[in-house]
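Colleague:
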Ligand SMILES: Nc1ncnc2c1ncn2[C@@H]1O[C@H](COP(=O)(O)OP(=O)(O)OP(=O)(O)O)[C@@H](O)[C@H]1O
Ligand SMILES: Nc1ncnc2c1ncn2[C@@H]1O[C@H](COP(=O)(O)OP(=O)(O)OP(=O)(O)O)[C@@H](O)[C@H]1O
Ligand SMILES: [Mg+2]
Ligand SMILES: [Mg+2]
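Protein chains in written order, with the working numbering: chain Y, 182 to 463; chain L, 3 to 370; chain D, 3 to 370; chain F, 61 to 347; chain P, 7 to 337.
Spelled out as structure tokens, the structure:
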């Protein structure tokens with residue numbers, strides 16, 4: 182079953198066909214979505230009414246293109262903002278976590294590690310709700326005590342960021358830990374030995390070593406934040422990120438402009454992915 | 003120079019515990035400036051622990067470390083005038099060769115041009131000019147080795163520590179690097195402290211070798227002394243190969259003695275303070291045993307016996323003959339001389355072996 | 003037995019290409035039943051490729067492989083009566099020792115009790131009774147080694163293939179395992195085909211050794227033949243150590259000749275088909291060179307010169323002297339004899355060295 | 061020494077803040093909310109009514125069981141589909157094509173789950189692309205409805221979870237030395253027996269970690285059942301969502317949330333026990 | 007100021023916002039939502055995060071009692087002359103809690119049936135959606151309007167039972183049984199407008215419960231499809247203006263109310279949303295086609311037959327929810 186074991190031709194062909202079919206299956210919905218972005222119709226579905234760029238550039242009813250959809254453009258901005266903040270936070274905390282678990286053995290380490298993994302096994306909706314309920318209560322208490330209305334604790338960007346951060350950090354921690362485990366501590370000792378202080382050693386040797394994982398964690402976090410729906414749904418305030426906006430749109434009635442946005446996202450993600458590969462190659 | 007009078011490195015009663023484990027126990031030694039000092043010992047005997055204490059990565063439990071006569075206890079590793087070549091070299095994979103070598107200089111805040119100049123200089127000294135821009139992963143094992151040394155030497159440390167630097171190399175390359183390392187030390191004229199568990203490395207390169215066992219130094223001396231005049235059974239067994247018998251002293255006559263081994267072999271030997279009935283260990287090196295086709299020539303030696311060849315281990319100049327004493331059944335390892343006379347020796351041949359009293363090193367049995 | 007007449011393994015004009023790379027080129031050999039056959043060659047010469055073709059993991063590009071006289075081309079690996087000990091052993095980490103050893107028997111559908119019995123038996127034969135329930139990760143390197151062999155031997159294969167099985171072990175353990183492996187082969191009385199790039203292993207253990215270079219067999223023969231009567235320059239250089247000079251034939255007198263090396267040294271040698279002006283390579287083994295304190299004794303040899311000791315590499319029985327010929331500046335590596343006479347030799351001493359004509363092996367220069 | 065302690069606390073602080081403020085305290089608070097019941101407008105009393113409702117109302121229990129069973133089913137299907145793919149990527153593809161195939165597995169994640177599901181709707185609906193294609197081929201003589209049923213939902217769940225199965229599986233399979241597989245054959249093993257005795261035991265940590273993640277993702281999914289599911293495919297998260305959003309009954313919703321969390325933890329724990337893995341090991345290796 | 011508006015899709019068209027911003031200097035941030043989410047969100051924020059919201063008039067009194075998420079409206083800041091008086095009074099009456107008025111009417115409409123007359127000419131009332139001949143061709147939502155619509159179609163009056171929980175429950179039980187019986191006929195329960203539109207447009211469904219605007223939108227695309235007021239009466243709703251309890255830009259909110267109720271602006275909203283407003287005289291500016299569609303859907307007697315939602319008592323929605331869950335889960 183590996184290339185060095187002789188296999189019959191039929192077996193090989195069947196296996197190859199299965200793999201091909203699998204990847205076609207993976208690509209199918211994306212291709213479909215992309216294709217219907219160019220459908221010259223109000224509906225992103227059959228029948229095919231002809232090709233148009235209208236859903237990207239159109240500026241007159243009924244084909245208001247992506248570039249003229251203020252709300253969608255704004256929500257892309259919101260998503261990008263949220264994703265950037267979440268990724269930055271998650272990578273930062275993920276790094277400190279990785280160092281903590283890698284460098285220190287202390288009582289309760291195993292327990293904390295399992296606790297750290299917990300967000301992975303909490304359903305997204307439950308996570309969102311628990312944060313919503315808790316922050317509402319805290320906000321209520323704050324208001325009762327001080328009379329101040331705390332915007333931060335009410336649904337809105339800060340809570341969305343907190344909610345996404347709460348589980349994406351786990352993933353960032355795992356990605357960064359995986360690389361830190363492979364780090365040879367003697368490199369750091371070599372740096373100390375060559376005259377670097379402890380922090381300098383980490384800055385000049387450990388962090389550059391971790392860089393591919395940091396970038397990888399950032400990109401993964403960015404994509405996960407960008408596409409998160411379950412947790413965000415419960416925490417979103419007036420600034421809706423893209424998935425929520427699209428969900429609302431879908432409830433109102435979809436037009437191929439949604440497909441156009443999706444196509445745009447695919448291109449964006451492709452660029453991100455290439456960037457990540459480029460960094461990982463180094 | 004007057005500085006030569008204070009040793010570059012001195013350890014005094016150095017001890018280190020890890021919980022209940024005593025990794026290093028009262029080790030004393032001093033390394034004169036410009037010399038090549040090796041610590042030789044089996045795995046786990048505490049060699050790395052000593053090294054890490056000198057480099058500052060471990061605090062000694064007790065004892066003192068002096069570099070150029072000044073105690074360095076409490077000085078953090080980045081402030082100590084020693085550098086270390088790590089077992090797996092620990093070259094920085096994310097930097098190229100020049101950046102690796104310049105790392106220590108950058109930490110000292112040396113100016114860029116100066117760094118470039120000195121890096122180029124040291125690369126020339128290790129015979130690798132112009133590889134500064136290569137990646138570490140593009141170097142061969144031997145080249146890496148030299149870069150790791152250059153990275154330390156560019157800082158002109160008082161003492162260079164090397165922790166089994168050849169451990170990861172393959173056989174042929176090790177042989178080559180041994181000679182080269184010695185040459186580099188002469189070139190840089192720096193004090194080397196070298197750790198290894200390979201006696202060949204220690205013997206070939208060092209001015210002085212310390213043989214270490216279970217946290218203690220057994221003997222410190224020149225290679226020849228260790229080989230020919232081991233002071234303990236451990237040193238006799240660990241340095242070089244030897245036939246080894248356990249036995250009991252049967253007769254004593256001044257320094258001369260006769261020992262009966264457990265397998266029943268009678269060995270004539272000599273030694274101080276031997277008393278009747280003492281349990282002893284006897285070591286005889288394979289190359290100290292003469293092999294003769296006829297009994298006459300062998301008879302000149304106090305130890306001699308007729309044996310049968312049980313195996314021939316041909317290995318060029320290092321060929322061995324395993325012979326069996328028909329009486330005791332003991333197998334004895336004998337070096338096969340290179341003369342044509344023996345080239346037709348075959349399994350089952352009847353030969354005579356013999357060795358002198360002084361070749362049979364005798365020690366009180368420590369395992370008693 | 004009559005079966006002994008057909009060799010256990012035979013390869014005929016075995017060739018394997020990887021795209022443009024010719025990894026193995028027209029290799030012919032046969033291994034008699036019950037013998038220990040080694041393939042010795044530098045890294046990348048194609049040893050593993052041969053092994054994998056025999057085991058069935060690679061199809062030969064051309065040529066044939068016969069086991070017990072029957073071609074196995076087209077037979078899948080799990081149906082071939084050969085087993086293989088992999089370089090890194092490839093023990094199954096998810097099974098314990100007994101499960102590892104019993105794996106092959108389970109595949110043959112042997113009954114449970116029978117498996118237990120035979121597993122216990124083979125564990126006894128490798129001197130590890132009672133470790134059946136241990137995890138693989140709890141074994142030492144040498145124990146793993148033996149378990150890997152037992153896992154194959156329990157299936158009683160016609161031929162056991164071993165691909166550098168000692169490569170991962172440390173020095174002392176290798177030495178020990180060498181002897182043990184040879185004993186195991188005798189114990190199981192099975193045909194072993196053994197791959198290594200370490201000449202010591204090949205020479206010590208094998209009945210016959212094939213020296214391989216760049217996809218071809220250079221010479222197949224007993225260890226002594228390879229060492230003393232190498233047929234090619236490659237074999238002379240690869241098997242054992244040697245001083246090596248390149249030069250040109252200056253005078254020829256029948257089989258006798260004089261060669262002037264590139265550095266200007268005049269070497270008297272002998273050889274077939276040498277002609278005036280031929281470029282040749284000369285090999286002289288360090289132990290073939292006699293070292294004398296006075297010129298007289300040396301004068302008896304056709305090659306002799308007065309030299310200065312440039313370094314002493316003390317290594318017990320394997321000590322070497324590096325001497326320098328003042329005229330050509332060439333450094334010559336000479337084995338230091340074990341007699342007391344030379345024990346005071348020091349750097350800078352003036353000595354004489356000499357060697358016989360027949361010790362200077364002479365080959366046409368292949369790199370021409 | 062003290063600087064080492066300082067470093068320790070500096071590194072511990074973010075972890076504790078993160079887990080404490082965003083995971084533990086909210087869950088405790090939610091537990092408190094779930095343990096009270098409304099007696100009158102703006103008046104609540106502590107009670108176990110919400111949990112009692114979960115246990116006594118067959119609808120809730122049934123929905124929960126259905127969700128769990130369907131999630132397990134989705135996990136198993138994902139595993140069965142993903143295993144050969146991971147094996148192909150890890151062991152058969154070499155060099156560039158290996159990296160390329162691995163990246164291709166990531167492609168669906170370039171867009172959000174919403175878009176992927178939306179794509180499936182376009183494909184599967186009665187007047188959709190697949191139905192049209194089948195008619196065009198002559199394989200069907202009238203439009204075929206493939207949307208709004210459990211199969212469509214299962215398809216969506218499996219599709220969405222695929223990556224989280226392929227990645228850990230590929231990683232663990234890659235760490236299996238080819239020589240070990242070869243040794244299996246060399247000792248007389250056949251394809252199925254090598255798979256059963258060598259490959260699968262080795263891949264176990266990856267299988268378990270992939271299964272846990274996929275199971276949790278399926279269990280906690282909201283979009284896919286909502287958009288692809290049929291008229292009787294109520295998903296437990298929908299129940300939670302509607303308690304919170306539609307019925308304004310946070311108390312019951314919180315109790316549901318807890319039941320989901322508890323039961324899913326139980327299933328994960330059971331799986332780990334059954335397979336002899338630990339969360340630390342499987343997750344550590346999985347990513 | 008920034009006016010944070012929590013509203014329905016189409017109620018605040020970009021063109022109107024531009025005009026408003028130009029005229030008043032306030033900026034507008036719109037968040038789209040629906041009744042339940044509006045209330046859920048305001049509950050979570052404690053009535054903060056938004057300055058103006060637009061729930062239906064029947065969903066104001068109950069949540070206000072329960073959660074206190076709105077603040078009373080200061081009628082002195084509103085130009086009441088812009089409103090159709092009868093509608094204003096009805097809304098005021100329905101949204102009064104403890105003597106304070108909490109809502110003003112903005113947009114109204116009905117929900118009823120969308121029918122493809124070419125393929126399902128016989129669908130006249132909600133219960134007709136259960137006709138076996140339409141097997142796999144009908145759709146409706148699993149939400150409270152469906153329960154109420156079916157109740158009316160089955161000859162009961164749920165609104166009358168609002169205050170009698172037991173009676174209401176009795177009604178719901180019957181409706182639930184009917185809906186479960188009806189389940190095999192249904193193709194899918196639609197969840198969002200998009201789903202509904204796609205189902206009807208593609209012909210996958212031929213009859214459905216829906217809002218009037220949806221029907222009119224489809225009518226533009228396919229003249230066979232139109233909104234039909236059911237025989238037992240369309241359900242009438244009024245979406246309102248309310249001030250969230252913690253709103254900060256009340257001035258901007260009042261300014262917005264007064265602005266969008268101007269007839270010409272209201273007409274723009276009507277065009278975007280497809281529904282008519284409570285603005286007096288906006289009809290004159292409205293699109294002729296829409297009017298025509300409206301008239302074809304609502305013959306005179308149908309208009310009289312519209313059943314307007316009364317305020318929902320607080321606990322009713324829980325009972326309804328359970329019934330709906332049971333319907334969905336039933337096999
Ligand atoms: N950090 C530590 N904690 C506990 N025990 C330790 C630690 N470091 C070393 N030891 C123990 O101290 C002893 C000496 O270890 P050390 O690493 O110095 O041996 P070594 O001579 O360098 O061996 P090797 O040749 O294998 O490198 C060993 O028994 C080891 O187990
Ligand atoms: N699968 C392959 N594809 C292409 N070239 C290969 C392949 N396997 C081996 N080669 C090439 O064939 C030659 C012989 O390789 P082989 O592995 O047999 O060498 P070896 O003698 O076993 O070396 P080593 O001692 O390093 O194991 C090498 O040049 C190698 O690069
Ligand atoms: Mg060590
Ligand atoms: Mg090989």
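No residue lacks a Cβ here, since even glycine has one placed at the ideal position from N, Cα and C.
In this text, all values refer to a predicted model and were calculated from it rather than measured experimentally.
Does the beta-carbon distance from residue 214 of chain P to residue 153 of chain P come in below 8 Å?
Modeller: no
Colleague: Is DSSP giving residue 286 of chain Y helix, strand or coil here?
Modeller: It is coil, neither helix nor strand.
Colleague: Does chain Y have any CB closer than 8 Å to the CB of residue 333 of chain F?
Modeller: Judged by the 8 Å Cβ criterion, residue 333 of chain F is not in contact with chain Y.
Colleague: Which residues, taken in chain order from the stretch 33-45 of chain P, show a beta carbon closer than 7 Å to some beta carbon of chain F?
Modeller: Within the stretch 33-45 of chain P, the residues whose Cβ lies closer than 7 Å to any Cβ of chain F are, in chain order, 42, 43, 45.
Colleague: Examine chain P for any beta-carbon lying closer than 8 Å to the beta-carbon of residue 330 of chain Y, and answer yes or no.
Modeller: Interface flag for residue 330 of chain Y against chain P is set, since a Cβ pair is found closer than 8 Å.
Colleague: Residues with a Cβ closer than 7 Å to any heavy atom of ligand 4, in chain order?
Modeller: D:49, D:50, D:89, D:165, D:166, D:197
Colleague: Per DSSP, what kind of secondary structure is residue 5 of chain L in: helix, strand or coil?
Modeller: Here the model assigns residue 5 of chain L a pLDDT of 47, short of 50, so the residue's position is not dependable, and the following value carries that caveat. DSSP places residue 5 of chain L in helix when its eight states are reduced to three.
Colleague: If we ignore side chains and look at the alpha-carbon of each, how far apart do residue 171 of chain F and residue 439 of chain Y end up?
Modeller: 12 Å
Colleague: CB of residue 23 of chain L to nearest heavy atom of ligand 1: below 7 Å?
Modeller: Under cutoff, so the answer is yes.
Colleague: For residue 12 of chain D, which of D:193, D:148, D:140 has the nearest alpha-carbon?
Modeller: Minimum Cα-Cα distance from residue 12 of chain D among the listed residues D:193, D:148, D:140 corresponds to D:193.
Colleague: Shorter than 8 Å from the beta carbon of residue 296 of chain Y to some beta carbon of chain L?
Modeller: no
Colleague: Any beta carbon of chain Y sitting closer than 8 Å to that of residue 50 of chain P?
Modeller: yes
Colleague: Give me the Cα-Cα distance between residue 200 of chain Y and residue 145 of chain F, rounded to the nearest whole angstrom.
Modeller: 6 Å
Colleague: Given this structure, state the Cα-to-Cα distance separating residue 271 of chain P from residue 265 of chain P, to the nearest angstrom.
Modeller: Approximately 7 Å, taken between the alpha carbons.
Colleague: Does the beta-carbon of residue 39 of chain L, which I'm using as the reference point, lie nearer than 7 Å to any heavy atom of ligand 1?
Modeller: no
Colleague: Hey, does residue 223 of chain D have any beta-carbon neighbour from chain L nearer than 8 Å?
Modeller: Closer than 8 Å: no.
Colleague: For chain Y, is any of its Cβ atoms less than 8 Å away from the one on residue 281 of chain P?
Modeller: no
Colleague: Measuring only the C-alpha atoms, how far is residue 4 of chain D from residue 35 of chain D?
Modeller: Residue confidence is low: residue 4 of chain D scores 45 on pLDDT, short of 50, so the model does not pin down where it sits. Its coordinate-derived value is still stated next. Looking at the two C-alpha atoms, the distance is approximately 11 Å.
Colleague: Hey, is residue 5 of chain D's beta-carbon within less than 8 Å of any beta-carbon in chain F?
Modeller: Confidence at residue 5 of chain D is low in this model, with a pLDDT of 47, below 50, so its placement is unreliable and the value that follows should be read with caution. Not closer than 8 Å to any Cβ of chain F, the Cβ of residue 5 of chain D fails to qualify, so no.
Colleague: Taking 8 Å as the CB-CB limit, is residue 261 of chain F close to chain D?
Modeller: yes
Colleague: Just to check, is the beta-carbon of residue 47 of chain L closer than 7 Å to a non-hydrogen atom of ligand 1?
Modeller: yes
Colleague: When we look at the beta-carbon of residue 127 of chain P and count the other beta-carbons within 10 Å, is it buried (16 or more) or exposed?
Modeller: exposed
Colleague: Any chance the CB of residue 31 of chain L is under 7 Å from a heavy atom of ligand 1?
Modeller: no
Colleague: Is there a Cβ of chain Y sitting closer than 8 Å to that of residue 1 of chain L, yes or no?
Modeller: In the structure as shown, chain L starts at 3 and stops at 370, and residue 1 of chain L therefore has no counterpart that could be examined.
Colleague: Is any non-hydrogen atom of ligand 1 found closer than 7 Å to the C-beta of residue 20 of chain L, if you look at the structure I gave you?
Modeller: yes
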